[in-house]
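Worksheet: one structure, shown below.
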Amino acid sequence: MNTQELKQEFAKIFKNQTAPRVFASPGRVNLIGEHTDYNGGHVFPCALSFNTYVVIAPRADKKVRLYSANFEKLGIIETDLTHIHYDKSQNWANYPLGVLSVLLKREYPIKNGFDMLFWGDIPQGAGLSSSASIELVTATALNTVFDLRIPMFELTKIGQEAENKFVGMNCGIMDQFASGMGKQNHAILLDCNTLYYQYAPLKLNGVSILLCNTNKPHNLIESKYNERRAQSEQALADLQKKLKINALGELTEEEFDKNAALVIDPVCRKRAKHAVYENQRTLRAVKALQANDLEAFGKLMNASHVSLRDDYEVTGKELDSMAEAAWKQPGVIGARMTGGGFGGCVVALVKNDAIENFKKNVAALYTAATGYTPDFYIAQAGDGAREIKE
Ligand code: GLA
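The opening position of the sequence shown corresponds to residue 1 in the working numbering, with each subsequent residue numbered one higher.
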């Protein structure tokens, strides 16, 4: 839907007479640096040109009414500024309500209710952070409409807190950061230990970022994700008995290898190995990109997938079949799972003139292996959360 259509839909659903405002916040794809964010390592995502849009207008009373044109059947979800709480039956609306709840808890002056219509073109359940985009578009809209004057950097942390404390998914900062701070034609190198970040231009010369959706919903992700996080924390605690470190991301591969035996449980040891090696790989990959060495970048992407498959164990049959099919194709620079795992997308760098054959061949191999039909999208690196003014 374009802005005009979104406003018409808003008027039809809410019959609110106040002139509404429109906001957008994108999904993201992580190019490399997976399961490193909550381990104090680096990530290298870019925001996408797929977005969640919001149309919002304040109300004179305390009512909060939310509607998603992607979940029409759920209708308007209505609550009150004084009754914001998590409820599974609120479904998607727990994300905006989580953000509202964090803002209210921090005593930001939101005194009136509001009507908010959501609509997005980010493929859902594909590991492209549609939920972080809902959080960031909500935070940006409320920040602007209620003149809260919170910097975007802080809004990303509010989004993460909503997800951690309200929704109960113990995610790191990557998705919210990419959605809030994304920049057209750039990826972001973010040090999740210090939150220092730099934009890196994506000059891919004849190569595209292709998203290969397994169409396997990653619905088990919350429990497995929280388990991986706990295993990494256990490994860190074991290492801290000897090493003065705050996060796995502070270790080089050599330092880790020398001290790996301190981690008692072999499963936790593998998890920590991934976190340390993946962080170093990410730094190398960004250097390779800056030196226009795409071949080296691609090899590091492949190695990242292998580590996520064998040491972190978050891939599964679908992501592995997709990545393996991608690796076999002419014109592929590199391919790996992206996001939390257990389904969702593989991200591949593919030479432009090879894309059509790549899609055909990968789809055939992937469907033969799994029974699922994949989808492919070319990713454009888009801007972060913003108001859309005509
Ligand atoms: C999910 C989380 C992120 C990050 C990735 C894995 O997308 O929301 O914080 O941990 O998984 O890299």
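The beta-carbon is built from N, C-alpha and C at its ideal position, and this holds for glycine as well.
Please specify which runs of the beta strand (DSSP E), each continuous and at least 3 residues long, are wholly inside the segment 34–85, giving them in chain order. 45–58, 63–68, 77–80
Going by the C-beta, is HIS42 closer than 7 angstroms to any heavy atom of the ligand GLA? no
Under 8 angstroms, do SER133 and THR52 count as touching if we go by C-beta distance? yes
What's the C-alpha gap between ARG65 and LYS7? 16 angstroms
Beta-carbon proximity of PHE358 to GLN329, cut-off 8 angstroms: yes
Helix, strand or coil at GLU253 [DSSP, three-state]: helix
Thinking C-alpha only, which one of LEU81, ASN112, LYS111, PRO109 is nearest GLY98? LEU81
Contained alpha helix (DSSP H) runs [length at least 4] in the segment 296–346, N- to C-terminal order: 317–327
Using a Cβ-Cβ cut-off of 6 angstroms (strictly less than) and excluding sequence neighbours within five positions of ALA325, which residues of its own chain qualify? VAL362, LEU365, TYR366
Inter-stretch contact at 8 angstroms, needing at least 3 Cβ pairs: the segment 205–219 / the segment 341–356: yes
First through last residue of the beta strand (DSSP E) which encompasses GLU387: 386–388
Any heavy atom of the ligand GLA closer than 7 angstroms to the beta-carbon of GLY172? yes
Please report how far the alpha carbon of LYS270 lies from the alpha carbon of THR36, in whole angstroms. 14 angstroms
For ILE245, write down the residues that DSSP places opposite it in a beta bridge. Its beta-bridge partners do not exist; DSSP assigns none.
Tell me, please, whether the segment 89–96 touches the segment 41–51 by the rule of three or more beta-carbon pairs shorter than 8 angstroms. no
Would you mind working out which of ALA11, ARG106, ASP121 sits nearest MET1, comparing C-alpha positions? ASP121
With DSSP run on the structure shown, which of helix, strand or coil describes GLY129? According to the sequence shown, residue 129 is Ser rather than Gly. If DSSP states are grouped into helix, strand and coil, SER129 belongs with coil.
Taking only three categories from DSSP, how would you classify ASP375? strand
Report buried or exposed for THR252, applying the criterion of at least 16 other Cβ atoms within 10 angstroms of its Cβ. exposed
What I want to know is whether the C-beta of TYR38 ends up closer than 7 angstroms to one or more non-hydrogen atoms of the ligand GLA. yes
Taking 8 angstroms as the threshold (C-beta atoms), are SER129 and SER68 in contact? no
In terms of DSSP beta bridges, what is PHE114 paired with? PRO58, VAL64
Which residues does DSSP pair with ILE209 in a beta bridge? LEU349, ALA379
Flag this pair as yes or no: are the beta carbons of PHE248 and ALA275 separated by less than 8 angstroms? The residue you asked about is not Phe; residue 248 is Leu in the sequence shown. The answer is yes: Cβ separation under 8 angstroms.
Sort out for me which residues DSSP pairs ASP191 with in a bridge. HIS42, TYR196
Among PHE376, THR194, THR282, ASN226, whose alpha-carbon lies nearest the alpha-carbon of ASN246? THR194
Can you tell me whether PRO151 is buried or exposed, with buried defined as 16 or more other CB within 10 angstroms of its CB? exposed
Here's the rule I'm using: 16 or more other beta-carbon atoms within 10 Å means buried, otherwise exposed. How should PHE153 be labelled? exposed
Please determine whether the Cβ atom of GLY340 lies at a distance below 7 angstroms from any heavy atom of the ligand GLA. yes
Pick helix, strand or coil for PHE146, following the three-state DSSP scheme. coil
Enumerate in chain order the residues of its own chain whose CB-to-CB distance from THR373 is below 8 angstroms, with the five nearest sequence positions on each side excluded. ASN215, ALA363, THR367
Between PHE71 and ASN91, which are expected to be in contact by the criterion C-beta below 8 angstroms, what is the C-beta distance as a whole number of angstroms? 7 angstroms
Which of the three DSSP states, helix, strand or coil, is assigned to GLY98? helix
In angstroms, rounded to a whole number, what distance separates the CA positions of ALA162 and GLU233? 21 angstroms
Look at the Cβ atom of GLY127, then the Cβ atom of THR315, and state whether they are nearer than 8 angstroms. no
Does DSSP put PRO201 in a helix, in a strand, or in coil? strand
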